[in-house]
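Working notes for the structure below.
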Amino acid sequence: MLLSDYTFQTVAIGSAILGLISGVLGTFAVLRKQSLLGDGVSHAALPGVVLGFILIGSKNTEFLLLGALLSGLLSTLLITTIVKYSRIKFDSALALIMSVFFGLGLVLLTYVQKIPNANQAGLNRFIFGQASSLMRRDVNLMIICGSILLLLLIIFWKEFKIFTFDSEFAQSLGFSPKKLDLLLSLMTVTGIILGLQTVGVILMSAMLVAPAVAARQWTNKLSVMAFLGAIFGAISGIFGTAVSSFIPKLPTGPTIVLFASLIVLISILLAPGRGILHRLYRQKHNRSLNIERRAENDSTI
Amino acid sequence: MTPQFEIQLIAVIVAVGCALPGVFLVLRKMSMMSDSITHTILLGIVLAFFITHDLSSPLLIVGAAIMGVVTVWLTETLTRTNLLAEDAAIGIVFPLLFSIAIILITRYAGSVHLDTDSVLLGELAFAPFNRMIVFNTDIGAKAIYTAGTILIINLVAIFLFFKELKLVTFDPVLAAVLGFSPTMVHYGLMTLVSLTAVSAFEAVGSVLVVAFMIGPPVTAYLLTDDLKSMLIISVLIGTINGILGYQLAAIFDVSIAGSMATMTGILFISVFILAPHRGLLSIFRRRKMQKTKFGKMTLLFHLLNNESSFIQEQVSQICIVQNHLNWSDHFIKDIINRLQGENCIEVDGVFIKLTDKGRKTTIQEYNELFS
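Protein chains in written order, with the numbering used here: chain W, 5 to 305; chain S, 8 to 378.
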């Protein structure tokens, strides 16, 4: 009965699509050692959301998303510029820019709250996410943007692959790393912003990292990793939504993150070849092999 | 003390207290760990609250500090498996702990005033309402004393263990050889970071703690190469951010902590552009100078090289030189003008020739470079 519930279906589909997109995009973010970009960009989106509201004057989702997108993109550009032209490392630049942007967003938010007769209530909800408030309209937007993102990824797959693993080689082949970097950042930022509404600012970073890290344990092939990442993301989305609607007073976003983390834990422990259990088994096996060999050597002497 | 003065005092104390451990975070490439810790201390506070059922209990701070250290330990244990990079480990640990905290709050603490907004945002303007009362006398806002204590702890710890911190930060292997345990120093530092985060987030919210911890040290990092001056400059920048941030907030009547963070960003960008040696402007100026110098030398060498050849008449035509060197019209004109100004070449219609002085400088430069 619950599974055929309209609201449940909407939220579940939305979370699944979000997990799918962030699983695929996260693959590249994790491999490029930019796992925390999700955390940074989603915080940096706040001033864009509020500015979008100030300029348009309504809480129209598309405009707020556009503001978030622009401000997220600006923050990524600033971070890359700082890293390029100074000795400041990526992580410091990220921490600085995201917190400063967030501070600016707070300033704007408190400014908006003084404008009389403005229906600004709930603007910060937008950033902190409220999966249960997802509407069909939002889900449709997600499906459209998600399809465009996936299509772009398929078209530029070869380029992104070379660029991720060997950007100098990519350059020698005539691809511009600068443009590829910009395109990939733009796509990642779009994915992150799409997820903001569902799981919120802090949990979006988990959705970008966890499925991809879990997928990494099972394969050494980029395409398989992206595919598994998408599946793991979607599974966490659906299961998280389902469990949180069966158990009362269980917030959806955090439950999704719990599931994603659980998948990571299982993958790290059990993955064949790389996993911790396999490693322990191999160590034990090697040890017994060593003892046997030593025994053989002793007997020959 | 007026409330305005009290707020500014708290702002400065918090900003300085955060900047001190921040210097080591930036130098140890652990900036994002501060973001992680400021979020996970929420779980520590929630767990401690379940034990004490008292929101003003000092045990909450202890719980938060322990959780900060646990966060670092979990992240490092994950990283040590070599199955994922350090940034990915951070990106998994802190959302997980934070999610657990939120689930616990929504399920079990709904009736208590412990909401996520106040943790994430914080508000400095309310700080003076919470008074410190000893023997029935009001001795100032409570935040002055909590933040002040942490500031003093940070100062004393850095003063006492300056040598150890410096060694472990720049050369952990040497530190280990000399008998200082890098692990001990590392976890000591992380305890300081957690304590500082707990004391600050009440006033400014967890996200902005990151701005105060990382902002001033990163700005100072562009201005100096010396650890001691970096600490001192960070403290100064923190103070400036606190005071100017408050003034801005008072003028526009907006969030004080947010305005302090914005000020941190403005100050950083100004230094990033204007700093001597490392600033964007001086980098571009240096590149431009190097380009001109290289252009001048290339033209001089080219002319000297052609002097011996008997087709000199032809090759020293400006347009042919330009063709040989593949330069733009603008660039070759600029270089010729500069060299003419220095009396190194003379222009005769479409021809350019080295002067005696020019020949001498060219040979001298050549010898400097290639002998």
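Beta carbons are placed, not taken as given, at the ideal position from N, Cα and C, and that holds for glycine.
Residue 3 of chain W and residue 98 of chain S look like a contact to me (Cβ under 8 Å); what is the Cβ gap, rounded to whole Å?
Residue 3 of chain W lies beyond the range of chain W shown here (5 to 305); nothing can be said about it.
Based on the DSSP output, what are the partners of residue 13 of chain W in its beta bridges?
None, per the DSSP bridge assignment.
Below 7 Å on C-beta distance, what does residue 240 of chain W contact in chain S?
Residues of chain S passing the Cβ test: none, with the nearest at roughly 12 Å.
Just list the residues that DSSP pairs residue 354 of chain S with in beta bridges.
S/359
Beta-carbon neighbours of residue 47 of chain W, restricted to chain S and to distances below 8 Å:
214
Classify residue 326 of chain S: buried if its beta carbon has 16 or more other beta carbons within 10 angstroms, exposed otherwise.
exposed
Is there at least one Cβ from chain W nearer than 9 Å to residue 292 of chain S's Cβ?
no
Kindly say whether residue 92 of chain W, judged by its beta-carbon, lies nearer than 9 Å to any beta-carbon of chain S.
yes
What residues from chain S crowd round residue 272 of chain W, counting only those whose CB sits closer than 7 Å?
88, 90
Report the three-state DSSP secondary structure of residue 38 of chain W (helix, strand or coil).
coil
Going by the DSSP bridge assignment, what does residue 324 of chain S pair with across the sheet?
Paired residues: S/358.
Is it buried or exposed for residue 150 of chain S, if we count other Cβ within 10 angstroms and need 16 for buried?
Buried is the call here.
The region 218–237 of chain W touching the region 247–258 of chain W, judged by at least three CB pairs closer than 8 Å
no
Here's a check: name, in chain order, each residue in its chain whose Cβ is nearer than 8 Å to the Cβ of residue 219 of chain S, leaving out the five neighbours to either side.
21, 22, 25, 26, 29, 207, 211, 245, 248, 267, 268, 271
Between residue 14 of chain S and chain B, is the shortest Cβ-Cβ distance under 9 Å, so that the two count as touching?
Of the chains in the structure shown, none is chain B; the protein chains are W and S.
Residue 267 of chain S: first and last residue of the uninterrupted alpha helix (DSSP H) it sits in:
263–281
Taking the alpha carbon of residue 177 of chain S as the reference point, which residue from S/224, S/189, S/167 has its own alpha carbon closest?
S/189
Can you give the Cα-Cα distance for residue 100 of chain W and residue 48 of chain S, rounded to whole angstroms?
Whole-angstrom Cα-Cα distance: 20 Å.
Using 9 Å as the limit for Cβ to Cβ distance, is residue 242 of chain S near chain W?
Chain W places no beta carbon closer than 9 Å to that of residue 242 of chain S, leaving this residue out of the contacts.
Alpha carbon to alpha carbon, how far is residue 289 of chain W from residue 300 of chain W? Give it in angstroms, no decimals.
17 Å
Drop a sphere of 10 angstroms on the beta-carbon of residue 11 of chain S, count the other beta-carbons inside from all chains shown, and report buried for 16 or more, exposed for fewer.
exposed
Cβ closer than 7 Å: which chain W residues qualify as neighbours of residue 380 of chain S?
As shown, chain S starts at 8 and ends at 378. That puts residue 380 of chain S outside it, with no answer to give.
Anything in the region 181–193 of chain W with a Cβ closer than 8 Å to a Cβ of chain S? List those residues in chain order, please.
none
In whole angstroms, what separates the C-alpha of residue 285 of chain S from that of residue 298 of chain S?
18 Å
Given a cut-off of 9 Å on the beta-carbon distance, is the pair residue 215 of chain W and residue 234 of chain W in contact?
yes
Within 9 Å (strictly less), CB to CB, does residue 276 of chain W reach chain S?
no
Considering only residues of the same chain and omitting the five flanking positions on each side of residue 254 of chain W, which have a CB-CB separation below 6 Å?
248
Contact residues within the region 216–229 of chain S, judged by C-beta distance below 7 Å to chain W:
217, 218, 221, 222, 225, 228, 229
Hey, could you find the ends of the alpha helix (DSSP H) residue 175 of chain W is sitting in?
171–176
Contact criterion: CB-CB distance below 9 Å. Does residue 112 of chain W meet it with respect to chain S?
With respect to chain S, the C-beta atom of residue 112 of chain W has a partner C-beta closer than 9 Å.
Would you call residue 155 of chain W buried or exposed, if buried means 16 or more other Cβ atoms sit within 10 Å of its Cβ?
exposed
Less than 8 Å between the CB atoms is what I'm expecting for residue 272 of chain W and residue 280 of chain W, so what's the real figure, rounded?
6 Å
Mind listing which residues of the region 97–112 of chain S have their C-beta closer than 7 Å to chain W's C-betas, in chain order?
97, 98, 99, 102, 103, 105, 106, 109, 110
Between residue 25 of chain W and residue 37 of chain W, what straight-line distance do the alpha-carbon atoms span, to the nearest angstrom?
18 Å
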